[in-house]
Amino acid sequence: MQRYLIESPHSGEECLRVLDWILAQGSQLLSKYEFSCSDTDHIGYVMIDALSKEDARRAVPPSIQSKARIVELQRFTPDDIRAFHVK
């Protein structure tokens with residue numbers, strides 16, 4: 443499994459439909475999401491574990507999947523960073 447950060451931008455008009463879709467998937471998915479809709483931009487943010495980017499995309503409402511940004515995350519150890527200097 444890999445860890446992914448997903449940004450799901452949507453318009454004000456799409457907002458309630460996006461929230462309804464996420465809620466319909468279950469409270470577990472909803473509890474992982476954070477939103478900036480009440481502040482500046484209509485964007486949902488979620489970090490999930492998935493086998494691939496395509497699997498991670500399933501956490502995004504189908505109507506806005508094409509706008510979603512999915513980024514694979516990784517952690518580095520001190521040894522990893524030292525090895526970067528050698529390369």
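So in this note's numbering, the last one in the sequence shown is 529, and the numbering has no gaps at all.
We put the beta carbon where it would ideally sit given N, CA and C, even for glycine.
The model shown is predicted, which means the values in this text are computed figures rather than measured ones.
- The shortest CA-to-CA distance from SER450 to any of GLY468, GLN467, CYS479 and SER473 is the one to CYS479.
- The straight-line gap separating the alpha-carbon atoms of PHE518 and ARG524 is approximately 10 Å.
- ALA466 is classed as exposed because its beta carbon has fewer than 16 other beta carbons within 10 Å across all chains shown.
- Under the DSSP definition of a beta bridge, PHE477 partners with GLY486.
- Collapsing the DSSP output to three states places GLN444 in a strand.
- Distance from PHE477 to GLY468 at the Cβ level is roughly 17 Å; contact not present, criterion being Cβ atoms closer than 8 Å.
- Between ILE464 and PRO503, the C-beta gap is smaller than 8 Å, which places the two residues in contact.
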